[in-house]
Amino acid sequence: MGLFSRKNHFQVDGRTVVITGGSQGMGRGLGKLLAQKGANVVIVARNAKKLEEALEYISAAKVKPSQRFHYISADVTKPEENDRLLAEVTAWNNGQPPDIVWANAGMSIPRLILDAPVEELRQQMDINYFATVYLAQSVLRAWTKRTAPAEASTKQAPLPRHFIMTSSSAAFVGVAGYGTYSPAKAALRNFADSLRQEVQLYNGGRFHSSGSPDPEIKVHCVCPGTITSPGHEFEQTVKHPVTMVLEEGDPAQTEDEVASAAVKELEKGYYLIATNYLAKVMRAGTLTGSPRNNWFVDTVLSWVTNLAWLFVQPDLENKVWKYEAQSALLDRLVDATDADIDALDEIIMAVDIRERKSVGCSYYVAREEKLYLMEDMKLGDVEVIDTLKLHIDPTVVLVATRADDSVLDKLDPERRSLSSTDDSHDQFALPYILEVRPTPEFNYDSGKSKLANLKIGTDGGPNVTFTIPGDVQTSGAYGDDEDTGRLEHLLRLHGWINLDSKISVGCAGAVLAYVHRRRSVSFLPGDRAAADLFRIATIEMFTLRSTMFVNMDTLLSLQILQSESHPHLHNQGPTKANSGSKEGLSVYGLFHYLAKTPQGRVLLRQYFLRPSLDLGVINKRLDAISIFLRPDNSAPVNQIVQSLKRIKNMRVAMVNLRKGVNAGPGKKQGITSGLWARTRLFAYHMLKIKDAFQEMNAVDHLHIRNFILETVEFRGLAQVGRKITDIIDFEQSEYQHRTVVHMGIDEELDNMKRTYDGIELVLSQVANHIAEKVPAVLGTSINVIFFPQIGFLITVPMDPDTGHGMYEGSQQDVWERMFTSEEHVYYKNDNMREMDDHFGDMHGLICDKEIEITHNLAQYVLEFEDVFIKASDICAELDALMALAQGARMHKLMKPKVVEDNVIQIKAGRHILQELTVPSFVANDTLIVGPSEPDLEVGHGSSGVPTSERSNAPTSSAAMDGPNMLILTGPNFSGKSIYMKQVAIIVYMAHVGSFVPAESARIGLTDKILTRIATRESVSRIQSAFMIDLQQVSLALNLATPRSLLVFDEFGKGTSANDGAGLVCGVFEYLLNLGNKCPKVLGATHFHEIFEEGYLINQPALQFGHMEVRVDQDRESIDEQITYLYNFRLGRSVSSFGSICAAMNGISKEVVARAEQLILMSVRGEDLVSACAVMPAHERAELEEAECIARAFLAADIGTDADGDPRKLLDEVLAATVSTTYDTTTADMDTMSTSETTS
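Numbering of the sequence shown is given in full-length UniProt numbering, commencing with residue 1 and proceeding in unit increments.
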């Protein structure tokens, strides 16, 4: 460029611009700026939700109605995605490739090289370098594609196309902590130099191509410095302190500032662009062979910069040298030996919260040498962290860098242990050491691999080695060789822990990574003594105190939760709102739609996901439901339900109020359903709920009612509701589509509104005054109008011939043309400007004043924020209890008696889901009595009920006469599975605090429900169906306590009959031999031989049962021969009626008949192998025929018979033998038919 070039080399008006990384930060700022310059903008990123928000923000800056805006969700680190991106943009741009492409996608995770995982190194190179290279390839293919030559008469020089790359000022100078980021940006800067030279090849071809309309291609490289964006906020959380020291004083720019600086340099035609003064200085010192933007300035600045670096570089290195991290590391190495003793007292906990508030946790107890994993907790939220801290009492807490601020607030409310710039942090300010670790350490796959590498086995168990495709098999025994297959260890792990708890498995990986780091610091590589520090001997699952342990197998087998595809087409998607599924036929599904508030539905789901073991909590819920179901309380209960329908989650409302947002993100709501209306309605309906409770009977001891009356500040709610009603004019707000303030609130506002309302009269008078000064023929067509933010204007009809107004003022009264429409021209004169000065932007002033008033109202409401949030949370509990009460009324549920005795006693129990799908349901009784021996005190890892919570009431289950194990036998299709499931569901619902489907139920506290009912198969799992069954049983046996309930439905059916029978018998016998430690067991099996042959000996703790069936063999129809009564009866049944069940379900008669023959032979003790080896009649006839033919040929004299004609002899032999064979076969078949008929 020249020294003082003023030509705009970067024209964007009316052109199509593509910006990758356009959903936030610099990309969003560029989109807004280019929209203001008249460009059509397409933004690209991966997150569709952020793209939608950014596109709305950018499109609001357009200056012409014809401008167009679009977004594309794509992963630009994949070459094929860039090709798709260009194709979609070209189609959207009427078949033309984009004019300008800005490769802006990038990310930074500043970390020291020693701390950087390999995955991060690859990730940063992919997004910061290869994404731009892939995009450049796709774009240049589209731009260099030849177009048809233009006609000489229409040939014009087209505007150039621009390919712009966003590098970084870190590409010019290496800084400690950016070794993972700056190399990719430096490579990008070098790539820009190469590409700029390469495109001259295409530009030269275009220049020498006669008549070619292809525009010139220009390449630019923009190198911004620090940008205050969401990405920069994330960088600050992971950046090493020494990097922050080196960056002190570096200028930071907002997204709008950096966009403006970059575009301004592009308009000058510059190639290598820096956006702030420091970046420009660094650029000048590293130009080497890169083109100069301004040869004079760049040359002088490069001389100055090279001199400055002689002083700056030593200073930077000196800062790094003096950093305290070196001395701190030396102190840790010196004290490593003392740490061995202290390490025995350490408890290391890792906790993580993922999407939809799922919580995972793992912790290691050094003194026990045991690693614990928690079952992933759905809808856990940050409140669970307090419970985990109390339960585990850790000395070290690990969280991921992606952890939300709310997590850190729970772990370190005052952020006392986290690093700060003023060095005021104190890592010993908390009762534990809090470490924020890189997110990849919490990765599921990494954690699973670390667990498999532990190679933990049972010392007393059999030495079994699994050979699995993909494993490297060695000759050593299990655990003796390092090469033993990884999949083998994973299979063993499945029997001890639930690897489907992905968040907790990731947390276990973080704990193991921490342990490995501690070992590395304390011992030299190869030191065998390192294995004794933080040794892990056992892995175990745990759950929180006062919470029943349930895993996903139990939830799905009992249909507590059941997701199914949403039938609505528009509710199919990846977002939380459009998850593509809805609650199907499930126990929770019967209640969740009865909850009326958003917070109530969330809390109700928590009830069903985490059944309680706290008798106080359970009884409070049951008592509340009993009172709500009283007939004399029906009117106030209905009033409460109707009020709950109008109540929203005020936690969200208060957040939006702080942000100044009238509705939630992405929601378009009217003022009647906006924030002010929701807040007013909440206050009003809370008062209605208070009145309803005062009308309710027998509520003196109702906990929820007393809690509401004692906690909620109804006076404050009433004040806020009255204040909003007095200030906000909801009728006018709905009409004007904005928040309007009542008259009488502010005198200045009232005066402005009166003036604005009377402005039409003023306009009419001014129009008449102007009409007197214009030609008479135009007098009636002259008008004066007022536009907000533009002011007063004179409108004149347009002359269609000239395109000007029919009158444009005079020399004494000059009219300035402002703009035109299709039929009118708009002008300003001195009179209009005088009115502008006098009245100002009246509408804007009114809106500003109303915004000021509503802002003050918001500040007033926020003074009562805690009042609203407490009331909203209490409404969630009230709503959940109301849903349980309404469900109890609808499904005829009864109140259970939950006791501390280890017993399950049910009268007339029903399956709450099955009875909805059949015309009538047969109820049945159940009695199972668990061991009465007092439980040991709960320690780490136990999920049982603490002794302190049981010691107040004596256990009377010992006096009850009942079995510990109930095994069901008998026919298929008779209802055994339904019976077992209904017992488990009743126990489950009782611990939720819900009424149960039974006439009466006495349920003892049950710490776990573990099932082997359904097999969840998937192609992503390496196990067969039978292996999955084995893992479910193994997990149940390892986790069971005397207070657990185990449900095994036809275990062993996936293998041979002998193996299956042996496994079932072994499991039942093992549990019975536990004695006072045996859990309560429900089982069903068809392996009758284990009882008939005496393999499972009758014991007092064992009882058999079956479902009653009536058999009528005189009936001709199979459907009428057997009648299922579905009544539970004690005793064993040896009949399965499998063949009859098969016939009823459509199996062909031939198959059923053959099956019955084999069954009858088996009962008689006949040899089934011999019976199946009998040759059919038609095969025997064919064999006899072949034998006759062979013998005839052997007896014939081919040389003398048939006059020496062999052919004739052959025909005679075949004819004779076929005839003989046919007669014999017919006789045999007749004989067989007669014998079969007789039998």
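Where a beta carbon is used, it is the ideal one built from N, C-alpha and C, also for glycine.
DSSP bridge partner residues for residue i (one or two, in chain order)
| i | result |
| --- | --- |
| Ala1057 | Its beta-bridge partners do not exist; DSSP assigns none. |
| Leu968 | Ala1084 and Gly1105 |
| Arg161 | Ile217 |
| Arg1002 | Lys897 and Gln905 |
| Leu1010 | Leu1046 |
| Arg1110 | Thr1123 |
| Lys828 | Glu816 |
| Val740 | In the DSSP output, where bridge partners are listed per residue, Val740 has none listed. |
| Ile227 | Gln253 |
| Arg610 | In DSSP, Arg610 forms no bridge with anything. |
| Met377 | Val359 |
Cβ separation of residue i and residue j, assumed to be a contact under 8 Å, to the nearest whole Å
| i | j | result |
| --- | --- | --- |
| Lys1008 | Phe549 | 4 Å |
| Arg1002 | Gln905 | 4 Å |
| Tyr270 | Leu398 | Wrong, their Cβ atoms sit about 48 Å apart, outside the cutoff. |
| Gln1157 | Leu966 | About 35 Å separates the two Cβ atoms, so there is no contact after all. |
| Ala259 | Leu33 | 5 Å |
Cα-Cα separation, residue i to residue j
| i | j | result |
| --- | --- | --- |
| Val661 | Ile1013 | 49 Å |
| Ala187 | Val359 | 41 Å |
| His592 | Ala880 | 8 Å |
| Lys64 | Phe787 | 18 Å |
| Ala339 | Leu114 | Legend: pLDDT at Ala339 = 45, less than 50; position of this residue unreliable, no value from coordinates given. |
| Leu862 | Arg658 | 8 Å |
| Ala328 | Ile433 | Residue placement at Ala328 is poorly supported in this model, since its pLDDT is 46, which falls under 50; the coordinates are not used for a value here. |
| Ala1036 | Gly1054 | 18 Å |
| Lys78 | Asp405 | 33 Å |
| Phe163 | Ile217 | 7 Å |
| residue 1259 | Gln639 | Because the chain here runs from 1 to 1239, residue 1259 falls outside it and cannot be looked at. |
| Met894 | Val918 | 21 Å |
| Gly791 | Ile785 | 8 Å |
| Asp352 | Ala91 | 44 Å |
| Tyr1124 | His1106 | 12 Å |
| Ser108 | Ala176 | 14 Å |
Cβ neighbour criterion (16 or more within 10 Å) applied to residue i
| i | result |
| --- | --- |
| Met890 | exposed |
| Glu255 | buried |
| Gln859 | exposed |
| Ile728 | buried |
| Met686 | buried |
| Trp303 | exposed |
| Val41 | buried |
| Cys361 | buried |
| Pro631 | exposed |
| Tyr478 | The pLDDT assigned to Tyr478 is 33, lower than 50, so where the model puts this residue is not dependable; a value taken from the coordinates is nonetheless given after this. With 16 or more Cβ atoms within 10 Å of its Cβ, Tyr478 is classed as buried. |
| Thr288 | exposed |
Residue range of the beta strand (DSSP E) that includes residue i
| i | result |
| --- | --- |
| Ser362 | Val359 to Val365 |
| Lys450 | Taken as a continuous stretch (DSSP letters only), Lys450 belongs to no beta strand (DSSP E), being part of the alpha helix (DSSP H) at Tyr444 to Asn453. |
| Lys370 | Lys370 to Met374 |
| Tyr593 | Looking at the DSSP string, Tyr593 is not in any beta strand (DSSP E), and its letter there is neither H nor E. |
| Tyr277 | Not the beta strand (DSSP E): Tyr277 falls in the alpha helix (DSSP H), residues Tyr277 to Ala284. |
| Ser1024 | Taken as a continuous stretch (DSSP letters only), Ser1024 belongs to no beta strand (DSSP E), as it is neither H nor E. |
| Glu540 | Thr538 to Phe542 |
Terminal residues of the alpha helix (DSSP H) in which residue i lies
| i | result |
| --- | --- |
| Glu850 | Met842 to Leu862 |
| Met125 | Val118 to Met125 |
| Asp879 | Glu865 to Met890 |
| residue 1288 | For the chain, the structure presents residues 1 to 1239; residue 1288 sits outside this window and is missing. |
| Pro797 | Run containing Pro797: none in the alpha helix (DSSP H); it sits in the beta strand (DSSP E), Gly791 to Pro797. |
| His516 | Lys502 to Ser522 |
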